[in-house]
Amino acid sequence: MDDSGTPVTELVARTREGDEAAARALVMHLTPIVGRIVRAHLPRRTSEEDLVQAVLTKVFTRLDQFRGLVPLEHWVARITVNTCRHELARERHRPEWRHADLSEEQVAVLDHLASEESELGPEQGVASRELTDQLLSALSPEDRLVISLLHLEGRTVDEIKKITGWSGPLVKVRAFRARQKMKKHLATLLQEPRHHETA
Amino acid sequence: MKPLDSQLDRLLRSAARVAPAPGVTELPYPAEVRVLAAWRRSRAESPGWLSHWLQAGLAGAALVTAVALSISWSHLRAHAGDEFAVANAALYVAVAP
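Here the protein sequences come in this chain order: W and V.
Going by my numbering, the first residue of the first sequence is number 44, and it counts up by one from there.
Going by my numbering, the first residue of the second sequence is number 11, and it counts up by one from there.
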């Protein structure tokens with residue numbers, strides 16, 4: 044149901060018949076959903092608004108293909124994730140992050156991981172998120188997607204199957220391989236000499 | 011669990027606790043106009059009625075072909091012994107006074 048209380052299925056039906064007001068209401072209803080997913084899977088060099096607009100354009104020009112077998116939001120989520128994935132695939136450059144590229148807070152997170160067994164504190168959340176994003180940016184779009192969905196958004200394998208269209212075993216294999224790559228990058232960062240210590 | 015697995019898990023758990031910013035919640039007016047313009051254009055270009063007529067026409071043609079084939083097949087089977095009829099007819103015409 045959208046903000047005005049109209050069921051989404053009715054909005055879709057009216058939009059298909061060419062109702063402008065329903066189409067506007069549908070844009071307003073879908074924008075935050077698309078915006079949230081785009082934020083989570085945003086390619087580096089793409090403007091967030093441009094990507095949201097591109098996704099919504101795809102959704103509206105393909106609305107006739109929506110069969111109603113799944114909720115509209117799931118269908119839209121799948122289009123959004125695939126669009127982000129394709130945008131990421133166009134970014135061929137995968138940066139190798141070095142210790143010198145990290146902020147003091149991120150270095151503190153690495154130090155904590157290396158020296159302590161305990162969980163990171165809430166005050167280190169933002170730095171650990173940034174560090175995670177940097178590790179993710181070195182992965183392929185598929186690897187990045189599966190780690191984001193599984194570990195950062197806490198989705199189940201079943202949910203990821205529905206969003207991506209991949210099989211269960213493929214999701215698990217991709218997650219395993221992506222973790223291996225992240226571990227390799229993390230190990231490199233943990234082993235690199237500290238620039239601020241040697242300077 | 012290996013230390014590196016544990017380190018990565020702790021990092022991911024900490025990152026997951028940070029709620030990401032909500033992202034774009036409202037599309038700017040020009041962007042909304044562009045989305046709706048693309049939707050109108052796709053509706054105008056969509057050959058919906060034409061494709062329905064074409065589908066109906068193809069289905070009708072397929073049905074007529076199937077009926078014609080079945081009638082021809084049954085007719086051919088009913089007159090299976092007449093393969094010399096044409097040759098005989100030609101012979102009679104040629105030798106008849």
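Note that the Cβ used here is the ideal one computed from N, Cα and C, for glycine as well.
Remember, it's a predicted structure, so these values are computed and weren't measured experimentally.
Within chain V, 20, 23, 24 have C-beta atoms less than 8 angstroms from the C-beta of residue 162 of chain W, given in sequence order.
The residues 178, in chain order, have a CB closer than 6 angstroms to that of residue 225 of chain W in the same chain once the five nearest residues on each side in sequence are set aside. Interface with chain W (8 angstroms Cβ-Cβ cutoff): residue 63 of chain V is excluded. DSSP, read as helix, strand or coil, puts residue 29 of chain V in coil. Near chain V, meaning a CB-to-CB distance below 7 angstroms, the residues of the segment 87-103 of chain W are 91, 92, 95, 96, 99, 100, 103. Within 10 angstroms of the beta-carbon of residue 184 of chain W lie 16 or more other beta-carbons, which makes it buried. Only those residues of the segment 38-54 of chain V whose C-beta falls short of 7 angstroms from the nearest C-beta of chain W are listed: 38, 41, 42, 44, 45, 46, 48, 49, 52, 53. In the DSSP assignment, residue 117 of chain W falls within the unbroken alpha helix (DSSP H) covering 115-133.
A distance below 8 angstroms separates the beta carbons of residue 152 of chain W and residue 167 of chain W. The Cβ of residue 187 of chain W sits no closer than 8 angstroms to any Cβ of chain V. If you check the CB distance, residue 130 of chain W and residue 41 of chain V do not come in under 8 angstroms. Short of 8 angstroms from the beta carbon of residue 191 of chain W, and not among the five residues preceding or following it, lie these beta carbons of its own chain, in chain order: 83, 84, 179.
Judged by DSSP in its simplified three-state form, residue 84 of chain W adopts coil rather than helix or strand. Between residue 96 of chain V and chain W, the shortest Cβ-Cβ separation is not below 8 angstroms.
At a cut-off of 8 angstroms, the C-beta of residue 232 of chain W has no neighbouring C-beta in chain V.
When C-beta atoms of the segment 36-56 of chain V are compared with those of the segment 56-66 of chain W, three or more pairs fall below 8 angstroms, so the two segments count as touching.
Interface residue (Cβ-Cβ distance to chain V less than 8 angstroms): residue 79 of chain W is classified as such.
Across the structure, residue 89 of chain W and residue 77 of chain W are spaced so that their CA atoms are roughly 15 angstroms apart. For residue 49 of chain V, the uninterrupted alpha helix (DSSP H) run begins and ends at 39-55, by DSSP. Listed along chain W, the residues sitting closer than 9 angstroms to residue 35 of chain V by beta-carbon distance are 74, 75, 78, 79.
Residue 62 of chain W carries a coil assignment under DSSP once its states are collapsed to helix, strand and coil. Taking all protein chains shown into account, residue 194 of chain W has 16 or more neighbouring C-beta atoms within 10 Å of its C-beta and is therefore buried.
By the criterion of a C-beta distance shorter than 7 angstroms, residue 124 of chain W is surrounded in its chain by 80, 84, 188, 206, 207, once the five residues flanking it on both sides are discounted.
At a cut-off of 8 angstroms between C-beta atoms, residue 111 of chain W does not count as an interface residue with respect to chain V. Uninterrupted alpha helix (DSSP H) stretches at least 4 residues long and entirely within the segment 153-234 of chain W occur at 168-180, 184-190, 200-207, 211-234, given in chain order. For the 8 angstroms CB-CB criterion, residue 235 of chain W and residue 142 of chain W form a contact.
A direct Cα-Cα distance of roughly 8 angstroms separates residue 118 of chain W from residue 109 of chain W.
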